[in-house]
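Residue numbers (my numbering): 115 to 316.
In this text, a Cβ means the ideal position worked out from N, Cα and C, and glycines have one as well.
On a predicted model such as this, the values are computed, not experimentally measured, just so you know.
Written below as structure tokens is the structure these notes are about.
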């Protein structure tokens, strides 16, 4: 399998914001304000700071609000079928060789996320996808996919396969992010959100 160049210019960023937010009481957590800005804005700032310019937000509601930040797409089926449905939707419209997925509830992603994935793609065995590992466990929503996986992702999502299981199925290769494990902290509960907001205000 040929390894096409991976860099910010050859990669589309997909921010996965299509969940129900059940652990947050059903609110659209990507729009929750932190220090006067929506959570999705913090994620965008972090990744644009790494050179990402082609951006999609995958959302199943609040499209107008998200569209103030970046172009918005939705899952193929409006049934909140999980993050793999969002990845499939993004791959279906991706026009670059690679797609980088990140979750909307992680406001401080690794500062070398793009660079480390790019280095991993240049070295080691070729793989259809790369996925972050924080030294303790896989972080399946932080992953880099070849655009050619679009049809496979759609079929897997249609069969209700989870992201981790699909990554196993396609032979995704893990990339070591153990040195920056703290950057994978996500805000998926009211308590985590409050703690982060308090720290941010300080």
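If you draw a straight line from the C-alpha of residue i to the C-alpha of residue j, how long is it?
i, j, result
"residue 212", "residue 244", "11 Å"
"residue 233", "residue 287", "13 Å"
"residue 169", "residue 276", "23 Å"
"residue 293", "residue 196", "29 Å"
"residue 167", "residue 225", "16 Å"
"residue 151", "residue 127", "20 Å"
"residue 300", "residue 160", "14 Å"
If I follow the unbroken alpha helix (DSSP H) through residue i, where does it start and stop?
i, result
"residue 159", "153 to 162"
"residue 188", "That residue, residue 188, is in no alpha helix (DSSP H); it is neither H nor E in DSSP."
"residue 205", "197 to 207"
"residue 278", "277 to 284"
"residue 57", "The requested residue 57 is not part of the displayed model; the chain covers only 115 to 316."
In its own chain, which residues sit with a C-beta less than 6 Å from the C-beta of residue i, not counting the 5 before and 5 after it?
i, result
"residue 173", "131, 132, 180 and 186"
"residue 188", "174"
"residue 164", "228"
"residue 341", "Summary: the structure shown does not reach residue 341, with the chain confined to residues 115 through 316, and so no result is reported for it."
Determine, using beta carbons only, whether residue i and residue j come nearer to each other than 7 Å.
i, j, result
"residue 183", "residue 146", "no"
"residue 156", "residue 221", "yes"
"residue 129", "residue 228", "no"
"residue 263", "residue 205", "yes"
"residue 302", "residue 219", "yes"
"residue 125", "residue 214", "yes"
"residue 201", "residue 267", "yes"
Have a look at the options and flag the residue whose alpha-carbon is nearest the alpha-carbon of residue i.
i, options, result
"residue 190", "207, 176 and 178", "207"
"residue 295", "251, 242 and 285", "251"
"residue 289", "166, 230 and 197", "230"
"residue 203", "261, 120, 300 and 253", "261"
Starting from the C-beta of residue i, find all residues in its chain whose C-beta is less than 7 Å away, skip the five residues before and the five after it, and write them out in chain order.
i, result
"residue 175", "142"
Going along the chain, which residues of its own chain have a beta-carbon closer than 8 Å to the beta-carbon of residue i, five neighbours each way excluded?
i, result
"residue 253", "245, 246, 247, 291 and 298"
"residue 239", "287"
"residue 278", "252 and 254"
"residue 158", "129, 169, 183 and 184"
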